[in-house]
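To start, the structure under review is shown below, and the notes come after it.
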Amino acid sequence: MKSIAAKKVIALTGNDAVAEAMRQVNPDVVPAYPITPQTELMHKFADYVSDGDVKTELVLVESEHSAMSAAVGASAAGSRVMTATSANGLALMWEIVYIAASSRCPLVMTVVNRALSGPINIHCDHSDSMGARDSGWIQLHSENGQEAYDNVLQAVRIAEDTDVLTPVMVCLDGFIISHTIEPLEVIPDKTVQEFIGEFRPVHNLLDSDKPFTFGPLDFHDYYFEHKVQQIKAMEKAPNVIESVGIEYGKLTGRKYGHVETYKTEDAERIMIALGSTCGTVKATVNELREKGEKVGLLKIRSFRPFPVKEVREALAGAKAVAVLDRSASFGAQGGPVMMEVRSALYGETAPPIKGYIYGLGGRDINPDHIKQAFDEVKDMASSGKSSDETGFLGVRE
Amino acid sequence: MKAKGWKDLAIGGRIEEAGCAEEFETGSWRTFRPVRDEEKCIHCLRCWIFCPDSAVLVEDGKVTGVDLDHCKGCGICEKVCPPKVHAIDMVKETDLDKEE
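In order, the protein sequences belong to chains A and U. Heads up: the first sequence is residues 1032 to 1428, going by the numbering used here. Heads up: the second sequence is residues 588 to 687, going by the numbering used here.
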């Protein structure tokens, strides 16, 4: 690997950062339909198409269901395919989201997280992508525009790895990241092309020398085997995510793994979060550390596959854990992140744990909410007992 | 045909060989079997043309029999056999079993 690529710092919104990454990837086909807050992302990319900056075939479809259908078709035909959506757009894709994964199409889709209706709302929470957590897609979360850019480039490599061949969702928080301008480092186009490499589809419907049938009926006699193949591919994904993250780190100085630990080594209380909230938690951790409180953050980057080993390691020394969920799972035992974390700790010498739901429909989370959660789990650290009651941060009673 | 396990099966439900439907025996679905009277048959090949499963066997332009591994017993061959010829009868498999 060559030395760290020439860096260029530019000011971009999260949406523009993803569009920039897509320009550099120069995918063969992008079927897209606009939806807030993803719209500007595709506006920007459509500019690149119109200006001839990319050779992409931009397919302007009549709905998200068609966007994902066209993506699957183009992928089956041997193309490198990308798209993006949000909330209700993802919901309208639903049927084909599962078909893309089960057909093993290595798509990369940016999901600009937005609350899924209803009541109708355009602001950030994770109810859209969390609903798709069992669809068979890999899900990477981004803390800021830089990570959204970096995740999109790595997602291409992860999805297309022949051990994986599973589509990847790159999640970034709507408005909070998508519409915020940040200075971020972009790597040269040539470096991106070298990093992602030429797309070599395993199957290609246009290859008349090797004809095959795509999407046939799959009953009780084969469906189960194909699902186990998906499960096994997802089990192989962690190694690929890790090795791609290390390679990307050598290239850019920004190494990626399944999780990021922030001051967890000696932390007595650890908070777990996804996405942009991690930035607020880090700032609050710094503030509390100045007062001598041993607190830390465990940021989860890959929610699917869920990094069980890394979560166990990071929490091994903790005396209490607070898990933040930006979506609800009605009638369940906490939010989706809470359920994963608690399940990962089952059978381990586990610290007491409490789940919190926050930020639904774009409700702000601020350092006071984070301090409140850190404060509440302090009692658990001394009593050693978990709380089954889900907490709510920033809601009116 | 022994069905493949997840380790050997092509991924994503893909089928990599052409014409593999032949390996899938659908003859067990049949309730009625076409029984052809060799003496009445004029070898017009209407049954061969209309059979949706390509199960009518022909050699040198003459009908030689029915591929019972794939014939689902739909009865189209009986319907298209010219009425004046009436060389094909659909007979219940259970009745044939009794004869056998």
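Positions of the beta carbon are idealized from the N, C-alpha and C atoms, including for glycine.
Report task. Could you check what DSSP says for alanine 1179(A) in three-state terms: helix, strand or coil? Result -> The answer is helix: DSSP assigns alanine 1179(A) an H, G or I state.
Query raised in the report: Taking Cβ-Cβ distances shorter than 8 angstroms, what residues in chain A pair up with tryptophan 616(U)?
Result: For tryptophan 616(U), there are no C-beta contacts with chain A under 8 angstroms, since the nearest C-beta of that chain is about 14 angstroms from it.
Query - 4-residue-minimum alpha helix (DSSP H) runs that sit fully inside the region 1077-1118 of chain A, ordered along the chain - result: Inside the region 1077-1118 of chain A, DSSP marks whole alpha helix (DSSP H) runs of 4 or more residues at positions 1095-1107, from first to last along the chain.
**Report entry** the region 1340-1352 of chain A in contact with the region 1405-1418 of chain A per 3-pair CB rule at 8 angstroms
**Finding:** Touching, per the Cβ criterion.
Report task. Could you check if threonine 688(U) is buried or exposed, using at least 16 other CB atoms within 10 Å of its CB as the buried criterion? Result -> Examination of residue 688(U) is not possible in this model, given that chain U is present from 588 through 687 alone.
Query raised in the report: Are proline 1198(A) and isoleucine 1169(A) close, meaning C-beta to C-beta below 9 angstroms?
Result: Taking 9 angstroms as the Cβ cut-off, proline 1198(A) and isoleucine 1169(A) qualify as a contacting pair.
Query raised in the report: By the criterion of Cβ-Cβ separation under 9 angstroms, what are the contact partners of aspartate 1252(A) in chain U?
Result: Chain U residues near aspartate 1252(A): Ala590.
Report task. Return the residues of the region 594-609 of chain U that lie within a Cβ-Cβ distance of less than 7 angstroms from chain A, sorted by chain order. Result -> Taking 7 angstroms as the upper bound on Cβ-Cβ separation, chain A lies near residues Leu596, Ile598, Gly599, Gly600, Arg601, Ile602, Glu603 and Ala605 of the region 594-609 of chain U.
**Report entry** Identified DSSP bridge partners for histidine 1172(A)
**Finding:** Looking at the DSSP output, histidine 1172(A) sits in a beta bridge with Cys1202(A).
Query raised in the report: In whole angstroms, what separates the C-alpha of serine 1166(A) from that of aspartate 1252(A)?
Result: Straight-line measurement puts the Cα of aspartate 1252(A) at about 21 angstroms from the Cα of serine 1166(A).
**Report entry** For valine 622(U) and alanine 1063(A), the rounded distance between their alpha carbons
**Finding:** Rounded to whole angstroms, alanine 1063(A) to valine 622(U) spans 57 angstroms at the Cα level.
**Report entry** Start-end ranges of the beta strand (DSSP E) lying completely within the region 1290-1360 of chain A, minimum 3 residues
**Finding:** Fully enclosed beta strand (DSSP E) runs of no fewer than 3 residues occupy 1290-1293, 1300-1304, 1326-1331, 1333-1335 and 1351-1356 of the region 1290-1360 of chain A, in order along the chain.
Query raised in the report: Can you find at least 3 beta carbon pairs, one from the region 1123-1131 of chain A and one from the region 1147-1157 of chain A, that sit closer than 8 angstroms?
Result: No, they do not touch.
Query raised in the report: Taking the alpha-carbon positions, what's the methionine 1032(A) to serine 1417(A) distance?
Result: For methionine 1032(A), the predicted model reports a pLDDT of 46, less than 50, meaning its position is unreliable and no value from the coordinates is stated.
Report task. Determine which residues share a DSSP beta bridge with leucine 1138(A) and list them. Result -> Its beta-bridge partners do not exist; DSSP assigns none.
Query - Option in Gly1284(A), Gly1366(A), Thr1283(A) and Arg1343(A) with minimal Cα separation from glutamate 1296(A) - result: Each of Gly1284(A), Gly1366(A), Thr1283(A) and Arg1343(A) was checked against the Cα of glutamate 1296(A), and the nearest Cα belongs to Arg1343(A).
Query - Test: valine 1259(A) CB closer than 9 angstroms to a CB of chain U - result: Interface residue, yes.
**Report entry** Top-ranked residue by Cα proximity to lysine 1286(A), from Gln1260(A), Glu1178(A) and Ser1360(A)
**Finding:** A check of alpha carbon separations from lysine 1286(A) across Gln1260(A), Glu1178(A) and Ser1360(A) identifies Glu1178(A) as the nearest.
**Report entry** Closest by C-alpha distance to valine 1233(A), when choosing among Lys594(U), Arg601(U), Asp595(U) and Gly592(U)
**Finding:** Relative to the Cα of valine 1233(A), the nearest Cα in the group Lys594(U), Arg601(U), Asp595(U) and Gly592(U) belongs to Arg601(U).
Query raised in the report: Using the beta-carbon count (16 or more within 10 Å), is threonine 651(U) buried or exposed?
Result: So threonine 651(U) counts as exposed.
**Report entry** Strand pairing of tyrosine 1389(A), partner residues [DSSP]
**Finding:** DSSP, once it has assigned bridges, lists Leu1424(A) as partnering tyrosine 1389(A).
Report task. Could you pull the start and end residues of the beta strand (DSSP E) that leucine 1282(A) belongs to? Result -> Element bounds for leucine 1282(A): not the beta strand (DSSP E) but the alpha helix (DSSP H), 1254-1283.
Report task. Flag this pair as yes or no: are the beta carbons of valine 1183(A) and valine 1271(A) separated by less than 9 angstroms? Result -> No, the Cβ-Cβ distance between valine 1183(A) and valine 1271(A) is not below 9 angstroms.
Requested in this report: Could you work out which residues of chain U lie near serine 990(A), taking near to mean beta carbons separated by less than 9 angstroms?
Outcome: Within the shown structure, residues of chain A are numbered from 1032 to 1428, placing residue 990(A) beyond reach of any answer.
Report task. Counting only the same chain and skipping the five closest in sequence on each side, list residues whose C-beta sits under 7 angstroms from that of serine 1307(A). Result -> The answer, listed in chain order, is Glu1174, Asn1175, Asp1204, Ile1207 and Ile1208.
Query raised in the report: Hey, would you say arginine 620(U) sits closer than 9 angstroms to leucine 596(U), going by beta carbons?
Result: No, the Cβ-Cβ distance between arginine 620(U) and leucine 596(U) is not below 9 angstroms.
Query raised in the report: Among residues of its own chain, excluding the 5 on either side of tryptophan 616(U), which ones have a beta-carbon nearer than 8 angstroms to its beta-carbon?
Result: Same-chain partners within the cutoff: Lys659 and Gly660.
Query raised in the report: Hey, does leucine 1138(A) have any beta-carbon neighbour from chain U nearer than 9 angstroms?
Result: Chain U, which has no Cβ nearer than 9 angstroms to the Cβ of leucine 1138(A), makes this no.
Query raised in the report: Could one say the Cβ of valine 1233(A) lies closer than 9 angstroms to chain U's Cβ atoms, at least one of them?
Result: Interface flag for valine 1233(A) against chain U is set, since a Cβ pair is found closer than 9 angstroms.
Query raised in the report: Going by the CB atoms, is the gap between isoleucine 1388(A) and arginine 1357(A) shorter than 9 angstroms?
Result: Contact: yes.
Query - Local conformation of arginine 623(U) per DSSP, three classes - result: In this structure, arginine 623(U) counts as strand in the three-state DSSP scheme.
Query raised in the report: aspartate 676(U) by DSSP, collapsed to three states: which one?
Result: It is a strand residue.
Requested in this report: Return no unless some Cβ of chain U is closer than 9 angstroms to the Cβ of glycine 1246(A).
Outcome: Taking CB atoms only, glycine 1246(A) has a neighbour in chain U less than 9 angstroms away.
Query raised in the report: Does the Cβ-Cβ distance between leucine 632(U) and glycine 648(U) come in under 9 angstroms?
Result: A contact, by the Cβ cut-off of 9 angstroms.
Query raised in the report: Can the beta-carbon of histidine 1257(A) be found less than 9 angstroms from the beta-carbon of glutamate 1341(A)?
Result: Result no, Cβ atoms of histidine 1257(A) and glutamate 1341(A) do not sit closer than 9 angstroms.
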